[in-house]
Amino acid sequence: MAVFTPLSDAQVAEFLRRFDVGELVSLTGVAGGTENSTFFVTTDRHELVLTLFEQGEHEELPFFVELLDYLDEHRLPVPGPVHDREGIALHSLAGKPSLLFPRLPGRHPMSPNLAQCRALGDALGRMHTVSQHFPGHRPNPRDLNWLTAMHHRVLGYLSPEDQTLMKDEVEIYQGVFGDAPELPHGALHGDLFRDNTLFEGDRLGGIIDFYNGCTGDLLFDLAIVINDWASGPDGRLDRARHDAIISAYQARRPLTAAEREVWPTMLRMTALRYWLSRLLVVYVDPPAHDLTPHDPAQFHTILTARLNHGALPLPEASDT
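Dropping the structure here:
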(Lines of atoms letter the chains of each structure in order from A; the text may use other names.)
(Lines give C-alpha, C1' and ligand atoms only; values in the text may rest on other atoms or scores of the structure.)
Protein backbone atom coordinates (compact mmCIF):
# COMPACT_ATOMS: atom_id res chain seq x y z
CA MET A 1 0.00 0.00 0.00
CA ALA A 2 1.48 3.33 -1.04
CA VAL A 3 0.07 5.31 1.87
CA PHE A 4 2.99 6.59 3.88
CA THR A 5 0.99 9.10 5.93
CA PRO A 6 -2.30 7.61 7.18
CA LEU A 7 -5.28 9.96 7.41
CA SER A 8 -8.46 9.68 9.42
CA ASP A 9 -11.94 10.40 8.13
CA ALA A 10 -12.12 13.32 10.55
CA GLN A 11 -8.91 14.89 9.18
CA VAL A 12 -10.13 14.66 5.61
CA ALA A 13 -13.65 15.84 6.41
CA GLU A 14 -12.17 18.95 8.03
CA PHE A 15 -9.83 19.48 5.06
CA LEU A 16 -12.72 19.27 2.59
CA ARG A 17 -14.58 22.11 4.31
CA ARG A 18 -12.17 24.52 2.59
CA PHE A 19 -13.55 23.42 -0.78
CA ASP A 20 -16.96 23.49 -2.39
CA VAL A 21 -17.01 19.73 -3.00
CA GLY A 22 -19.59 18.38 -0.58
CA GLU A 23 -19.38 16.23 2.55
CA LEU A 24 -17.10 13.22 2.99
CA VAL A 25 -18.75 9.84 2.40
CA SER A 26 -15.72 7.52 2.22
CA LEU A 27 -11.91 7.55 2.23
CA THR A 28 -9.75 4.80 0.70
CA GLY A 29 -5.96 4.55 0.51
CA VAL A 30 -4.65 3.78 -2.98
CA ALA A 31 -2.18 0.95 -3.60
CA GLY A 32 0.65 1.59 -6.00
CA GLY A 33 2.94 4.55 -6.45
CA THR A 34 6.42 5.03 -5.05
CA GLU A 35 6.67 8.60 -3.80
CA ASN A 36 3.43 10.07 -2.49
CA SER A 37 0.41 9.08 -0.39
CA THR A 38 -2.76 8.89 -2.46
CA PHE A 39 -6.39 8.49 -1.39
CA PHE A 40 -9.68 8.12 -3.22
CA VAL A 41 -12.18 10.51 -1.63
CA THR A 42 -15.91 10.16 -2.21
CA THR A 43 -18.21 13.00 -1.20
CA ASP A 44 -21.95 13.31 -1.60
CA ARG A 45 -21.22 15.24 -4.81
CA HIS A 46 -17.89 14.14 -6.30
CA GLU A 47 -15.27 11.42 -6.76
CA LEU A 48 -11.88 12.93 -5.92
CA VAL A 49 -8.21 12.05 -5.48
CA LEU A 50 -6.20 13.46 -2.56
CA THR A 51 -2.40 13.44 -2.81
CA LEU A 52 0.07 14.11 0.01
CA PHE A 53 3.59 14.87 -1.21
CA GLU A 54 6.05 12.85 0.82
CA GLN A 55 9.35 13.73 -0.84
CA GLY A 56 10.83 15.77 -3.66
CA GLU A 57 11.27 19.49 -4.04
CA HIS A 58 8.15 20.98 -2.49
CA GLU A 59 9.00 24.45 -3.73
CA GLU A 60 8.41 23.13 -7.25
CA LEU A 61 4.78 22.16 -6.56
CA PRO A 62 3.40 25.54 -7.71
CA PHE A 63 4.86 24.77 -11.16
CA PHE A 64 2.84 21.55 -11.36
CA VAL A 65 -0.33 23.33 -10.25
CA GLU A 66 0.16 26.04 -12.88
CA LEU A 67 0.89 23.48 -15.59
CA LEU A 68 -2.17 21.36 -14.80
CA ASP A 69 -4.36 24.47 -14.59
CA TYR A 70 -3.03 25.60 -17.98
CA LEU A 71 -3.58 22.23 -19.68
CA ASP A 72 -7.02 21.87 -18.10
CA GLU A 73 -7.99 25.32 -19.39
CA HIS A 74 -6.97 24.14 -22.87
CA ARG A 75 -9.27 21.10 -22.53
CA LEU A 76 -6.52 18.49 -22.31
CA PRO A 77 -7.56 15.28 -20.49
CA VAL A 78 -5.67 16.07 -17.27
CA PRO A 79 -6.84 16.35 -13.65
CA GLY A 80 -6.97 20.10 -13.08
CA PRO A 81 -6.40 20.69 -9.35
CA VAL A 82 -9.45 21.61 -7.27
CA HIS A 83 -9.14 25.14 -5.90
CA ASP A 84 -10.68 26.14 -2.58
CA ARG A 85 -13.20 28.91 -2.02
CA GLU A 86 -10.34 31.43 -1.99
CA GLY A 87 -8.93 30.18 -5.30
CA ILE A 88 -6.02 28.29 -3.69
CA ALA A 89 -5.17 24.72 -4.76
CA LEU A 90 -2.01 23.88 -2.78
CA HIS A 91 -2.61 23.22 0.92
CA SER A 92 -1.04 21.38 3.86
CA LEU A 93 -2.56 18.29 5.48
CA ALA A 94 -0.91 16.20 8.22
CA GLY A 95 2.15 18.39 7.78
CA LYS A 96 2.53 17.51 4.10
CA PRO A 97 1.81 19.57 0.98
CA SER A 98 -1.48 18.37 -0.48
CA LEU A 99 -3.58 18.68 -3.62
CA LEU A 100 -7.12 17.60 -4.40
CA PHE A 101 -8.05 16.45 -7.90
CA PRO A 102 -11.11 15.19 -9.71
CA ARG A 103 -10.95 11.42 -10.13
CA LEU A 104 -10.67 10.69 -13.84
CA PRO A 105 -12.34 7.62 -15.37
CA GLY A 106 -10.63 4.51 -16.67
CA ARG A 107 -7.84 1.99 -16.12
CA HIS A 108 -4.19 1.71 -17.11
CA PRO A 109 -3.77 -0.04 -20.51
CA MET A 110 -1.18 -2.75 -19.86
CA SER A 111 -1.32 -4.00 -23.48
CA PRO A 112 -2.54 -0.97 -25.44
CA ASN A 113 -4.35 -1.62 -28.70
CA LEU A 114 -3.94 0.55 -31.80
CA ALA A 115 -6.98 2.71 -31.04
CA GLN A 116 -5.55 3.49 -27.59
CA CYS A 117 -2.16 4.25 -29.15
CA ARG A 118 -3.80 6.66 -31.59
CA ALA A 119 -5.72 8.34 -28.76
CA LEU A 120 -2.52 8.79 -26.75
CA GLY A 121 -0.59 10.14 -29.76
CA ASP A 122 -3.38 12.60 -30.51
CA ALA A 123 -3.54 13.84 -26.91
CA LEU A 124 0.25 14.21 -26.66
CA GLY A 125 0.35 16.10 -29.96
CA ARG A 126 -2.40 18.43 -28.70
CA MET A 127 -0.60 18.89 -25.40
CA HIS A 128 2.71 19.75 -27.06
CA THR A 129 1.03 22.18 -29.41
CA VAL A 130 -0.39 24.25 -26.56
CA SER A 131 2.46 23.61 -24.08
CA GLN A 132 4.88 25.56 -26.28
CA HIS A 133 3.07 28.67 -25.05
CA PHE A 134 3.03 27.74 -21.35
CA PRO A 135 4.73 30.61 -19.48
CA GLY A 136 6.13 28.53 -16.60
CA HIS A 137 9.67 27.15 -16.53
CA ARG A 138 11.25 24.17 -14.81
CA PRO A 139 14.42 22.75 -16.38
CA ASN A 140 14.25 19.08 -17.34
CA PRO A 141 15.74 17.31 -14.28
CA ARG A 142 16.68 14.21 -16.32
CA ASP A 143 18.17 15.73 -19.44
CA LEU A 144 21.62 15.23 -20.97
CA ASN A 145 23.25 17.43 -18.31
CA TRP A 146 21.92 15.07 -15.64
CA LEU A 147 23.07 11.98 -17.56
CA THR A 148 26.53 13.45 -17.92
CA ALA A 149 26.81 14.32 -14.24
CA MET A 150 25.21 11.18 -12.77
CA HIS A 151 26.29 8.20 -14.86
CA HIS A 152 29.67 8.02 -13.11
CA ARG A 153 27.92 7.11 -9.86
CA VAL A 154 26.78 3.72 -11.11
CA LEU A 155 29.73 2.62 -13.22
CA GLY A 156 31.30 0.68 -10.35
CA TYR A 157 28.20 -1.56 -10.16
CA LEU A 158 28.25 -2.49 -13.86
CA SER A 159 30.13 -5.08 -15.87
CA PRO A 160 33.07 -3.78 -17.91
CA GLU A 161 30.95 -4.12 -21.06
CA ASP A 162 28.10 -2.07 -19.60
CA GLN A 163 30.50 0.54 -18.25
CA THR A 164 31.82 1.02 -21.76
CA LEU A 165 28.32 1.06 -23.20
CA MET A 166 27.13 3.77 -20.82
CA LYS A 167 30.21 5.97 -21.20
CA ASP A 168 30.20 5.66 -24.99
CA GLU A 169 26.49 6.47 -25.22
CA VAL A 170 26.77 9.62 -23.08
CA GLU A 171 29.68 10.79 -25.22
CA ILE A 172 27.66 10.20 -28.40
CA TYR A 173 24.67 12.13 -27.00
CA GLN A 174 26.93 15.06 -26.13
CA GLY A 175 28.16 15.17 -29.72
CA VAL A 176 24.76 14.77 -31.38
CA PHE A 177 22.79 17.19 -29.22
CA GLY A 178 25.67 19.61 -28.82
CA ASP A 179 25.80 20.10 -32.58
CA ALA A 180 22.06 19.86 -33.30
CA PRO A 181 19.92 22.91 -34.03
CA GLU A 182 17.67 23.95 -31.17
CA LEU A 183 14.69 21.64 -30.97
CA PRO A 184 11.10 22.75 -30.29
CA HIS A 185 10.59 23.37 -26.57
CA GLY A 186 7.58 23.36 -24.32
CA ALA A 187 6.12 21.85 -21.19
CA LEU A 188 6.55 18.07 -20.91
CA HIS A 189 4.87 15.33 -18.92
CA GLY A 190 8.30 13.77 -18.42
CA ASP A 191 7.14 10.25 -17.48
CA LEU A 192 4.26 9.29 -19.78
CA PHE A 193 4.24 5.54 -19.27
CA ARG A 194 1.11 3.45 -19.75
CA ASP A 195 0.43 3.48 -16.01
CA ASN A 196 0.18 7.27 -16.12
CA THR A 197 -2.85 7.10 -18.41
CA LEU A 198 -6.45 6.01 -17.86
CA PHE A 199 -8.67 4.51 -20.57
CA GLU A 200 -12.34 3.60 -20.73
CA GLY A 201 -12.24 1.10 -23.56
CA ASP A 202 -10.54 2.96 -26.42
CA ARG A 203 -11.29 6.40 -24.99
CA LEU A 204 -8.52 8.23 -23.16
CA GLY A 205 -10.00 9.22 -19.82
CA GLY A 206 -6.96 11.05 -18.54
CA ILE A 207 -3.22 11.64 -18.33
CA ILE A 208 -2.10 11.68 -14.70
CA ASP A 209 0.96 12.08 -12.43
CA PHE A 210 2.67 15.16 -13.81
CA TYR A 211 5.26 15.25 -11.03
CA ASN A 212 8.12 14.80 -13.49
CA GLY A 213 6.68 17.70 -15.48
CA CYS A 214 9.20 20.22 -16.75
CA THR A 215 10.09 22.32 -19.76
CA GLY A 216 12.44 21.04 -22.43
CA ASP A 217 12.65 19.30 -25.79
CA LEU A 218 9.21 18.07 -26.84
CA LEU A 219 10.90 15.17 -28.62
CA PHE A 220 12.14 13.89 -25.24
CA ASP A 221 8.53 13.31 -24.17
CA LEU A 222 7.61 11.53 -27.41
CA ALA A 223 10.64 9.24 -27.17
CA ILE A 224 9.70 8.22 -23.61
CA VAL A 225 6.23 7.30 -24.88
CA ILE A 226 7.52 5.23 -27.82
CA ASN A 227 10.03 3.34 -25.69
CA ASP A 228 7.31 2.32 -23.23
CA TRP A 229 4.18 2.02 -25.38
CA ALA A 230 5.71 0.44 -28.49
CA SER A 231 8.45 -1.86 -27.13
CA GLY A 232 8.04 -5.62 -26.93
CA PRO A 233 9.55 -7.82 -24.19
CA ASP A 234 12.76 -8.08 -26.24
CA GLY A 235 12.98 -4.28 -26.47
CA ARG A 236 12.27 -4.18 -30.20
CA LEU A 237 9.71 -1.72 -31.52
CA ASP A 238 6.27 -2.84 -32.64
CA ARG A 239 5.74 -1.06 -35.95
CA ALA A 240 1.94 -0.88 -35.72
CA ARG A 241 1.94 0.73 -32.26
CA HIS A 242 4.85 2.99 -33.18
CA ASP A 243 3.19 4.26 -36.35
CA ALA A 244 -0.23 4.65 -34.70
CA ILE A 245 1.20 6.92 -31.98
CA ILE A 246 3.45 9.00 -34.20
CA SER A 247 0.96 9.42 -37.05
CA ALA A 248 -1.70 10.67 -34.63
CA TYR A 249 0.85 12.90 -32.92
CA GLN A 250 1.97 14.45 -36.19
CA ALA A 251 -1.60 15.21 -37.20
CA ARG A 252 -1.43 17.71 -34.33
CA ARG A 253 2.27 18.68 -34.39
CA PRO A 254 4.45 17.60 -37.31
CA LEU A 255 8.04 16.89 -36.36
CA THR A 256 10.67 19.28 -37.67
CA ALA A 257 13.60 18.24 -39.85
CA ALA A 258 15.94 18.72 -36.89
CA GLU A 259 13.78 16.46 -34.70
CA ARG A 260 13.71 13.76 -37.35
CA GLU A 261 17.49 13.90 -37.65
CA VAL A 262 18.13 13.26 -33.94
CA TRP A 263 15.16 10.93 -33.34
CA PRO A 264 17.15 7.64 -33.22
CA THR A 265 19.56 9.16 -30.70
CA MET A 266 16.73 10.59 -28.61
CA LEU A 267 15.20 7.11 -28.34
CA ARG A 268 18.52 5.80 -27.07
CA MET A 269 19.04 8.69 -24.67
CA THR A 270 15.63 8.33 -23.04
CA ALA A 271 16.19 4.57 -22.70
CA LEU A 272 19.49 5.25 -20.95
CA ARG A 273 17.78 7.89 -18.80
CA TYR A 274 15.56 5.18 -17.24
CA TRP A 275 18.31 2.57 -17.10
CA LEU A 276 20.44 5.06 -15.16
CA SER A 277 17.69 6.37 -12.86
CA ARG A 278 16.69 2.83 -11.91
CA LEU A 279 20.31 1.84 -11.29
CA LEU A 280 20.67 4.85 -9.00
CA VAL A 281 17.63 3.75 -6.98
CA VAL A 282 18.93 0.18 -6.68
CA TYR A 283 22.56 0.93 -5.84
CA VAL A 284 23.05 4.55 -4.79
CA ASP A 285 19.90 6.24 -3.51
CA PRO A 286 17.24 3.73 -2.43
CA PRO A 287 13.68 4.98 -1.84
CA ALA A 288 12.78 6.36 1.56
CA HIS A 289 10.00 3.80 1.87
CA ASP A 290 10.12 0.00 1.79
CA LEU A 291 9.19 -0.48 -1.86
CA THR A 292 10.56 -2.72 -4.60
CA PRO A 293 12.46 -0.60 -7.16
CA HIS A 294 11.76 -0.94 -10.87
CA ASP A 295 14.11 -3.33 -12.67
CA PRO A 296 16.90 -1.47 -14.52
CA ALA A 297 17.31 -4.43 -16.91
CA GLN A 298 14.14 -3.48 -18.80
CA PHE A 299 15.70 -0.32 -20.16
CA HIS A 300 19.07 -1.93 -20.70
CA THR A 301 17.17 -4.32 -22.99
CA ILE A 302 15.44 -1.44 -24.77
CA LEU A 303 18.69 0.48 -25.23
CA THR A 304 20.42 -2.62 -26.60
CA ALA A 305 17.55 -3.19 -29.02
CA ARG A 306 17.82 0.41 -30.28
CA LEU A 307 21.54 -0.06 -30.83
CA ASN A 308 21.19 -3.41 -32.57
CA HIS A 309 18.10 -2.69 -34.66
CA GLY A 310 17.95 1.09 -34.91
CA ALA A 311 14.83 3.23 -35.01
CA LEU A 312 11.88 2.49 -37.25
CA PRO A 313 11.26 4.93 -40.12
CA LEU A 314 9.15 7.86 -38.99
CA PRO A 315 5.79 8.24 -40.73
CA GLU A 316 5.51 11.43 -42.74
CA ALA A 317 3.09 14.01 -41.42
CA SER A 318 1.17 13.75 -44.70
CA ASP A 319 0.54 10.04 -43.98
CA THR A 320 -1.99 10.87 -41.24
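Numbering (UniProt numbering), first residue to last: 1 to 320. Heads up, the beta-carbon is just placed ideally off N, CA and C, and yes, glycines get one too. No experiment lies behind these values; they were computed from the predicted model shown.
Contact check, residue i vs residue j, beta carbons under 8 Å
i           : j           : result
residue 117 : residue 263 : no
residue 210 : residue 101 : no
residue 17  : residue 112 : no
residue 134 : residue 187 : yes
residue 12  : residue 30  : no
residue 121 : residue 302 : no
residue 125 : residue 253 : yes
residue 256 : residue 315 : no
residue 300 : residue 275 : yes
residue 198 : residue 71  : no
residue 280 : residue 130 : no
residue 90  : residue 61  : yes
residue 215 : residue 160 : no
residue 265 : residue 173 : yes
Exposure label - residue i; buried when at least 16 CB within 10 Å
i           : result
residue 242 : buried
residue 169 : buried
residue 239 : exposed
residue 151 : buried
residue 79  : buried
residue 208 : buried
residue 259 : buried
residue 227 : buried
residue 145 : exposed
residue 119 : buried
residue 148 : exposed
residue 28  : exposed
C-alpha gap between residue i and residue j, whole angstroms
i           : j           : result
residue 106 : residue 200 : 4 Å
residue 225 : residue 271 : 11 Å
residue 267 : residue 37  : 32 Å
residue 176 : residue 14  : 54 Å
residue 204 : residue 251 : 17 Å
residue 297 : residue 47  : 38 Å
residue 45  : residue 81  : 16 Å
residue 320 : residue 58  : Note on residue 320: pLDDT 42, under 50, position unreliable in the model; no value is reported.
residue 4   : residue 309 : 42 Å
residue 109 : residue 128 : 22 Å
residue 234 : residue 312 : 15 Å
residue 189 : residue 217 : 11 Å
residue 273 : residue 23  : 44 Å
residue 67  : residue 114 : 28 Å
residue 77  : residue 49  : 15 Å
residue 84  : residue 25  : 19 Å
residue 317 : residue 7   : 50 Å
residue 179 : residue 88  : 44 Å
residue 286 : residue 277 : 11 Å
Opposing strand residues paired with residue i [DSSP bridges]
i           : result
residue 26  : 42
residue 78  : Residue 78 pairs with nothing; no bridge assigned.
residue 216 : 186
residue 101 : 49
residue 37  : 52
residue 300 : Per DSSP, none; premise fails for residue 300.
residue 206 : 198
Chain C within 8 Å of residue i, Cβ atoms only
i           : result
residue 281 : Looking for chain C here will not work: only one protein chain is present.
Extract the residue ranges of the alpha helix (DSSP H) inside the segment 129–200, only unbroken runs of 4 or more that lie entirely within it. Annotation note: the segment 129–200 contains the following uninterrupted alpha helix (DSSP H) runs of length 4 or greater, listed N- to C-terminal: 144–150 and 160–179.
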